[in-house]
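A.B. asks: Residue numbers (the UniProt record's numbering): 1 to 725.
No residue lacks a Cβ here, since even glycine has one placed at the ideal position from N, Cα and C.
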């Protein structure tokens with residue numbers, strides 16, 4: 001029985017522990033009850049359980065129960081019971097132990113929720129004056145909005161540098177495309193606090209200025225972004241940022257590749273669409289990278305071509321000869337032959353063979369730079385490496401020698417090409433005609449033109465354009481008009497280049513009427529003038545003194561969505577300055593800035609010249625200081641103009657002061673500089689100083705001209721008159 005009790009102990013731990021506190025009778029009864037619970041197929045009756053419970057409270061004599069038959073393997077029944085017993089009737093005996101050891105009290109109810117805090121009292125409108133702006137605002141910082149997405153820091157800094165020295169430029173990146181900006185940024189001006197705040201105020205005055213085809217929003221910093229960054233940093237530290245990061249990879253790879261190639265074929269001029277379609281390609285292959293490098297190469301964008309090339313290598317994709325050739329082409333179009341040759345060296349290090357196309361691109365790159373010697377060296381190497389060459393590489397080497405006016409070598413290359421069995425395309429005939437135009441050989445140019453027709457080629461607008469260019473350069477504009485009529489009779493219409501050649505020819509002769517007549521013909525033919533042609537026409541109007549028509553042409557140019565350049569406004573500013581209308585000159589200067597053009601040293605020189613001629617030296621010096629603040633270094637013409645202004649006033653001290661600045665900055669000193677000093681000395685009657693200046697001119701080996709002698713004669717005459725008086 002004791003063995004059975006020990007076996008049944010795991011089933012009733014609470015009962016066994018309670019039984020140790022009772023008498024022996026109770027222990028026996030408990031043991032008997034436990035023995036009944038070990039029957040494998042015993043059925044528990046609720047009535048029996050109740051009787052048993054009452055017998056425990058009021059014991060009486062019970063019939064001895066028969067001893068149960070012990071199973072053969074009780075451990076088996078305990079480990080794998082066939083019947084799970086119901087709760088034992090001894091559970092009612094726990095009432096006493098419950099009184100001795102009462103159960104733990106239930107947990108207290110949760111406290112009632114706190115009432116919401118009362119809303120803050122509304123402040124008066126006058127009190128809500130954005131205290132955050134006062135706390136976070138930086139006086140030397142401006143906000144710049146509506147920036148192009150592709151703009152770079154140095155371009156923004158270069159544009160806003162005209163208002164003062166820049167400490168930093170912050171361009172906010174886009175969330176989805178980190179290589180582009182979100183369209184806005186900040187410019188922080190440097191220097192002391194007062195100067196930086198003044199520069200920021202100047203920049204804000206040009207709110208609405210045009211910059212790369214965009215109308216910029218320029219405002220003073222309101223401290224909002226610094227406040228947002230501070231609050232975001234605080235939320236991050238507290239762990240309450242709640243930022244979710246989701247992936248945007250939703251498109252199929254092959255579909256995005258086909259879309260990229262389609263955009264390249266249908267919209268090659270829209271580079272933003274090309275880049276966006278490439279970025280949608282999942283894991284681009286060598287083919288996609290090569291297509292994008294080739295696209296940038298045709299545009300001459302060597303920086304993005306290199307970036308794409310390095311991105312491909314970073315993904316573990318090794319470049320092929322085609323990709324290397326495209327990268328070399330990008331550098332050749334960008335006129336950076338040093339980087340192109342570095343790519344060639346890498347090709348050789350990686351044992352990638354250079355094709356005829358690669359050699360042709362290198363020869364053409366050196367030809368554009370006018371380096372015929374280097375082009376010849378690479379052409380000879382191409383002949384050694386490849387048994388057969390094509391007409392393209394011959395055309396490039398012929399072009400190289402035509403650009404350097406070495407027409408004998410060009411003719412020899414044409415004969416060599418024909419002896420090799422390579423037919424010369426019409427482009428080579430045009431190259432030879434252009435070469436003879438540069439050397440002014442009219443007869444040979446006409447011979448090549450006739451030879452072109454004998455070989456079965458039909459003269460094109462380029463062929464006739466070469467002849468028009470020849471005659472306008474040698475001053476035979478009437479002959480150029482004859483060629484123009486011959487071209488029109490052949491059914492070939494003029495293009496922008498042929499019209500520009502005729503207009504430039506008449507402008508050289510200062511034949512304004514015929515120049516404007518050609519310009520009107522151009523517009524009637526439905527052609528839209530480009531920026532260069534507009535600039536030439538504006539210069540012609542300024543030369544005639546018709547300044548109102550020049551300004552009207554600028555506005556018409558802007559209507560046609562052509563972006564004016566500094567050369568567009570330069571003749572207008574100079575024309576008003578020469579006429580003494582400085583107010584209009586300054587208005588055009590502000591118009592130039594609002595159009596997104598950065599003033600140059602020549603623009604400032606025109607303003608200074610106009611103020612000097614009006615003898616407003618204080619204003620001229622202010623323009624000089626503004627020019628220096630904008631980071632534009634004055635040249636010798638700037639200082640010479642200022643010296644002439646002070647010389648006209650007879651202020652010898654100021655004239656010599658700016659002469660010293662000119663010399664200390666290492667600028668060139670010419671006869672016009674010494675003229676200003678002589679003029680100042682003679683105007684003030686200091687003839688000994690004038691003689692000293694002439695001696696220094698002799699020591700510097702600067703010859704004297706008629707103006708120098710006239711100044712000295714006038715000075716001595718004035719000195720004699722003063723002595724007589």
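1) In the DSSP assignment, what are the bridge partners of residue 219?
2) Where does residue 702 fall in DSSP's three states?
3) Quick one: what does DSSP say residue 492 is sitting in, helix, strand or coil?
4) Which residues mark the beginning and the end of the alpha helix (DSSP H) in which residue 679 is found?
5) Could you pull out every residue in the same chain whose Cβ sits closer than 8 Å to the Cβ of residue 506, ignoring the five residues on either side in sequence?
6) Assuming residue 297 and residue 326 form a contact by the criterion Cβ under 8 Å, report the distance between their Cβ atoms to the nearest whole angstrom.
7) Keeping to the same chain, check which residues put their C-beta closer than 7 Å to that of residue 340; ignore five residues upstream and five downstream.
8) Identify which residue in 681, 673 and 688 has its Cα closest to the Cα of residue 697.
9) Ends of the beta strand (DSSP E) at residue 209?
10) Beta strand (DSSP E) containing residue 522: first to last residue?
11) Along the chain, which unbroken stretches of the alpha helix (DSSP H) at least 4 residues long are found entirely within the region 618–666?
12) Which runs of the alpha helix (DSSP H) at least 4 residues long sit entirely within the region 363–430? Give them in chain order.
13) How many Å lie between residue 538 and residue 426 at the Cα?
14) Could you check what DSSP says for residue 185 in three-state terms: helix, strand or coil?
15) To the nearest angstrom, report how far apart residue 259 and residue 534 are at their CA atoms.
16) Counting pairs of Cβ atoms below 8 Å between the region 227–237 and the region 193–211, do you hit three or more?
17) Give the DSSP-derived three-state secondary structure of residue 171 in the structure shown.
18) On the DSSP bridge assignment, give the partners of residue 166 in chain order.
19) I'd like to check one pair, residue 422 with residue 391: are the Cβ atoms closer than 8 Å?
20) Let me make sure I understand the geometry here. Which of 620, 214, 299 and 449 has the alpha-carbon closest to that of residue 271?
21) Is the beta carbon of residue 660 closer than 8 Å to that of residue 686?
22) Determine the DSSP secondary structure at residue 309, reduced to helix, strand or coil.
23) Kindly list the residues whose CB is nearer than 7 Å to the CB of residue 406, restricted to its own chain and excluding five residues on each side of it in sequence; keep chain order.
24) Give me the residue from 172, 399 and 314 with the minimum Cα distance to residue 435.
25) Whole angstroms are fine: how far does the CA of residue 532 sit from the CA of residue 276?
26) Excluding the 5 residues preceding and the 5 following residue 394 in the sequence, name in chain order all residues of the same chain whose CB lies nearer than 6 Å to its CB.
27) Which same chain residues, not among the five before or five after residue 689, have their C-beta less than 6 Å away from its C-beta?
28) Go through its chain and collect everything with a Cβ distance to residue 256's Cβ below 6 Å, but skip five positions before and after it.
29) Please say whether residue 596 and residue 212 have beta carbons closer to each other than 8 Å?
30) Check this for me: beta carbons of residue 140 and residue 196, under 8 Å apart or not?
31) For residue 124, count neighbouring C-beta atoms within 10 Å of its own C-beta (all shown protein chains included) and say buried if the count is 16 or more, exposed if not.
32) Taking the runs of the alpha helix (DSSP H) that are 4 residues or longer, which of them lie wholly in the region 261–308?
33) Using the three-state DSSP reduction, which class does residue 668 fall into: helix, strand or coil?
34) Contact defined as beta carbons within less than 8 Å: I believe residue 735 pairs with residue 432. What is the distance between those atoms, to the nearest angstrom?
35) Short of 7 Å in beta carbon distance, which residues of its chain neighbour residue 554, apart from the five on each side in sequence? Order them along the chain.
36) Compute every distance between the C-beta of residue 688 and the non-hydrogen atoms of the ligand FMN, then say whether any falls below 7 Å.
C.D. replies: Answer, in terms of the structure:
1) Position 219 of the chain shown holds residue 219. Paired residue(s): 143.
2) Working through the chain shown from its first residue, we reach residue 702 at position 702. Residue 702: coil per DSSP, three-state reduction.
3) Looking up residue 492 in the chain shown gives position 492. The answer is coil: DSSP assigns residue 492 none of H, G, I, E or B.
4) Counting from one through the chain shown, the residue named residue 679 turns up at place 679. Residue 679 -> alpha helix (DSSP H) spans 671–683.
5) For this step, residue 506 is matched to residue 506 along the chain shown. The residues are 477, 512, 514, 515 and 518.
6) Working through the chain shown from its first residue, we reach residue 297 at position 297. Working through the chain shown from its first residue, we reach residue 326 at position 326. Their Cβ separation, rounded to whole angstroms, is 5 Å, which keeps residue 297 and residue 326 in contact under 8 Å.
7) Your numbering for residue 340 matches position 340 in the chain shown. Closer than 7 Å at Cβ, skipping near neighbours: 328, 331, 332, 362 and 365.
8) Position 697 of the chain shown, counting from 1, holds the residue named residue 697. For residue 697, the nearest C-alpha among the options comes from 673.
9) The residue given as residue 209 occupies position 209 in the chain shown. Segment: none, residue 209 is in no beta strand (DSSP E) and carries neither H nor E.
10) The residue given as residue 522 occupies position 522 in the chain shown. Element bounds for residue 522: not the beta strand (DSSP E) but the alpha helix (DSSP H), 512–524.
11) Listed in chain order, the alpha helix (DSSP H) elements of length 4 or more contained wholly in the region 618–666 are 636–649 and 652–664.
12) At a cut-off of 4 residues, the continuous stretches assigned as alpha helix (DSSP H) that sit fully inside the region 363–430 are 372–385, 391–403 and 407–419.
13) Position 538 of the chain shown holds residue 538. Position 426 of the chain shown holds residue 426. If you take the alpha carbons of residue 538 and residue 426, they lie about 36 Å apart.
14) Position 185 of the chain shown, counting from 1, holds the residue named residue 185. It is a strand residue.
15) The residue you call residue 259 lines up with position 259 of the chain shown. The residue you call residue 534 lines up with position 534 of the chain shown. Going from the Cα of residue 259 to the Cα of residue 534 covers about 39 Å.
16) no
17) Sequence index remark: in the chain shown, residue 171 carries index 171 (1-based). Three-state DSSP puts residue 171 in a strand.
18) For the purposes of this step, residue 166 is taken as the residue at position 166 of the chain shown. Answer is 189, bridged to residue 166.
19) Reading the chain shown from its first residue, position 391 is the one you call residue 391. Reading the chain shown from its first residue, position 422 is the one you call residue 422. Cβ atoms of residue 391 and residue 422: closer than 8 Å.
20) Working through the chain shown from its first residue, we reach residue 271 at position 271. Checking every option, the nearest Cα to that of residue 271 belongs to 299.
21) As a position in the chain shown, residue 686 is number 686, starting the count at 1. As a position in the chain shown, residue 660 is number 660, starting the count at 1. No, the Cβ-Cβ distance between residue 686 and residue 660 is not below 8 Å.
22) Residue 309 sits at position 309 when you count from the first residue of the chain shown. Of the three classes helix, strand and coil, the one that applies to residue 309 here is helix, per DSSP.
23) Translated into positions along the chain shown, residue 406 becomes position 406. Counting only Cβ-Cβ distances below 7 Å, and skipping sequence neighbours, we find 372.
24) Counted from its first residue, the chain shown places residue 435 at position 435. It is 399.
25) Sequence index remark: in the chain shown, residue 276 carries index 276 (1-based). Sequence index remark: in the chain shown, residue 532 carries index 532 (1-based). Each residue's Cα considered, the two are about 32 Å apart.
26) Counting from one through the chain shown, the residue named residue 394 turns up at place 394. Here the set comprises 417.
27) Here residue 689 corresponds to residue number 689 of the chain shown, with the count starting at 1. Non-local C-beta neighbours of residue 689 in its own chain, meaning closer than 6 Å and more than five positions away in sequence, comprise 681, ordered along the chain.
28) Position 256 of the chain shown, counting from 1, holds the residue named residue 256. Cβ within range, chain order: 280 and 281.
29) Locating residue 212 in the chain shown gives position 212, counting from the first residue. Locating residue 596 in the chain shown gives position 596, counting from the first residue. Yes, they are a contact pair.
30) Locating residue 140 in the chain shown gives position 140, counting from the first residue. Locating residue 196 in the chain shown gives position 196, counting from the first residue. Yes, the pair counts as a contact, with Cβ atoms nearer than the cut-off.
31) Translated into the one-based positions of the chain shown, residue 124 becomes position 124. The pLDDT assigned to residue 124 is 45, lower than 50, so where the model puts this residue is not dependable, and the model offers no usable value.
32) 271–279 and 286–299
33) Numbered from 1 along the chain shown, position 668 holds the residue referred to as residue 668. Assigned with DSSP and collapsed to three states, residue 668 falls in coil, not helix or strand.
34) No information on residue 735 is available, as it lies outside the stretch 1 to 725 that the chain covers here.
35) Here residue 554 refers to the residue found at position 554 of the chain shown. Result list for residue 554: 538, 564 and 568, in chain order.
36) Absent from the structure shown: the ligand FMN. Ligands present: none.
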